[in-house]
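Chains as they are written, first to last, in the numbering used here: chain A, -19 to 142; chain B, 43 to 308. Cβ atoms here follow ideal geometry from the backbone N, Cα and C, with glycine treated the same way. Since the model is a prediction, treat every value here as computed from it, not as a measurement. What follows is a set of notes on a single structure, which appears directly below.
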């Protein structure tokens, strides 16, 4: 059982190393044409273990960003939220996001959400959970450069740079 | 499959005004059109120019020199004068909930971004047969070229978890703005009380212009708990999504049976 878990973790690590974005505070946003930079292994919280439960994902058509939006699967960097580490992966087909999946979910994410009672029905009525959203862009409170690195928008940008 | 799904698409990102700004173009000529890169460069250049003129973080910006009394309004750049006038309009239209007259002096920052991004996006609208959007730190100006082109699908971020999307709206023209405390902490102040409003986590508006979507979202956030009601009378042309801080907890499962109507207003 443990062996299987390790195998899954290393598969995901491989994906992470291929397609993560820089997260250190000193780095600036990638300009047009620049490719995301892979994180060294020790910066991936996947290897820290304990806190989160990585969910196995199959990536059957991986390709790097900058492919003119043709398609592929891209994983954002692991971001530490107040609930624990979270990592998002998007799939792009024909230049559109066809799926957004949480690769890492903190244990707390399973508990009762505090989203207001009015927003929850929207989420369900329109089936727009991140896991199934088809989106071109993201609106949110103004994020800083650090926040951008972990945002869904940065993943969308990366899929079309160049 | 709609036509837009096969359309070539291209993006550019630059860091201006202290935030990442993304340009996305979609259309047959975005990769080959000779003028495309030049227009995109002009967009970023215009935003940098606005930053130089109006940043409150630059000691030599015209806004700061005007605040210090070194530069009269009549000698300011026409863009600065336009923004000053718009700030006054915004104050009047929002019952004073949007007010650039801060304790530290005149600060148009809350309006400048929306104004500048909308203005720069007009350059993108001039590219032939091309859909565009300009996303500046989560506030978006967008448009599509053809009447039958599919819109841009805009995800509204969950203020509690930026990896989650609360709702998706397809927009073809205009602006989308979100105000909230999620990314930068409490930075909006109720000008009437001096209090930092904490009833809401975020307010998102979608409508005809980014400038006014942004102004009304900020004002509604400052307004607090009755934001939706207030928006209905003050910004009827805009669709709104409000996320409350102390909303009733909804069970993670079975929530689809929830009887409450959505917080969107048409």
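Min CB distance residue i to chain A below 8 Å
i, result
"residue 169/B", "no"
"residue 181/B", "yes"
"residue 194/B", "yes"
"residue 61/B", "yes"
"residue 52/B", "yes"
"residue 309/B", "Lying before the first or after the last residue shown, residue 309/B is absent from chain B, which here runs from 43 to 308."
"residue 199/B", "yes"
"residue 175/B", "yes"
"residue 222/B", "yes"
"residue 66/B", "yes"
"residue 204/B", "yes"
"residue 162/B", "no"
"residue 207/B", "yes"
"residue 81/B", "no"
"residue 244/B", "yes"
"residue 55/B", "yes"
"residue 218/B", "yes"
"residue 159/B", "no"
"residue 125/B", "no"
"residue 105/B", "no"
"residue 85/B", "no"
"residue 210/B", "yes"
Beta carbon of residue i nearer than 8 Å to that of residue j
i, j, result
"residue 195/B", "residue 115/A", "yes"
"residue 49/B", "residue 76/B", "no"
"residue 166/B", "residue 85/B", "yes"
"residue 180/B", "residue 134/A", "no"
"residue 269/B", "residue 242/B", "yes"
"residue 240/B", "residue 287/B", "yes"
"residue 310/B", "residue 281/B", "Residue 310/B lies beyond the residue range present for chain B, which begins at 43 and ends at 308; the question has no answer from this structure."
"residue 115/B", "residue 126/B", "yes"
"residue 145/A", "residue 120/B", "Given a span of -19 to 142 for chain A in the structure shown, any question on residue 145/A remains unanswerable."
Residue i versus residue j: straight-line alpha-carbon distance, rounded
i, j, result
"residue 63/B", "residue 177/B", "6 Å"
"residue 55/B", "residue 217/B", "19 Å"
"residue 182/B", "residue 159/B", "8 Å"
"residue 148/B", "residue 117/A", "32 Å"
"residue 128/B", "residue 156/B", "11 Å"
"residue 51/B", "residue 89/B", "22 Å"
"residue 142/B", "residue 175/B", "27 Å"
"residue 238/B", "residue 141/A", "39 Å"
"residue 184/B", "residue 145/B", "34 Å"
"residue 138/B", "residue 74/B", "48 Å"
"residue 66/B", "residue 53/B", "4 Å"
"residue 87/B", "residue 57/B", "11 Å"
"residue 83/B", "residue 138/A", "18 Å"
"residue 111/B", "residue 247/B", "36 Å"
"residue 221/B", "residue 245/B", "5 Å"
"residue 131/B", "residue 129/A", "36 Å"
"residue 80/B", "residue 267/B", "45 Å"
"residue 60/B", "residue 140/B", "22 Å"
"residue 252/B", "residue 162/B", "11 Å"
"residue 223/B", "residue 113/B", "33 Å"
"residue 78/B", "residue 169/B", "7 Å"
"residue 135/B", "residue 254/B", "10 Å"
"residue 91/B", "residue 173/B", "25 Å"
"residue 127/A", "residue 164/B", "27 Å"
"residue 230/B", "residue 283/B", "18 Å"
"residue 234/B", "residue 219/B", "23 Å"
8 Å CB neighbourhood of residue i in its chain, flanking five on each side removed
i, result
"residue 171/B", "69, 70, 71, 187, 188"
"residue 100/B", "93, 94, 106"
"residue 122/B", "95, 96, 104, 105, 108, 115"
"residue 206/B", "199, 200"
Beta-carbon proximity list for residue i, same chain, < 7 Å, skipping 5 on both sides
i, result
"residue -14/A", "Its pLDDT being 36, under 50, residue -14/A is placed unreliably in this model, and the value from its coordinates should be taken loosely. Closer than 7 Å at the Cβ level, and outside the excluded window around residue -14/A, lies no residue."
"residue 272/B", "262, 265"
"residue 118/B", "104, 108"
Residues of its chain near residue i, where Cβ-Cβ distance is below 6 Å and the 5 sequence neighbours each way are ignored
i, result
"residue 97/B", "103"
"residue 208/B", "198, 200"
"residue 112/A", "Residue confidence is low: residue 112/A scores 33 on pLDDT, short of 50, so the model does not pin down where it sits. No coordinate-derived value is stated."
"residue 285/B", "201, 243, 244"
"residue 122/A", "none"
Chain C residues whose Cβ lies nearer than 9 Å to that of residue i
i, result
"residue 186/B", "Although the question refers to chain C, the structure presented lacks it and instead comprises the protein chains A and B."
Minimum Cβ-Cβ distance from residue i to chain B less than 8 Å
i, result
"residue 128/A", "yes"
"residue 115/A", "yes"
"residue 120/A", "yes"
Count the C-beta pairs between the region 267 to 278 of chain B and the region 147 to 156 of chain B that are closer than 8 Å, then say yes if the count reaches three, no if not. no
Kindly confirm or deny that the region 182 to 198 of chain B and the region 208 to 216 of chain B touch, where touching means at least three C-beta pairs closer than 8 Å. yes
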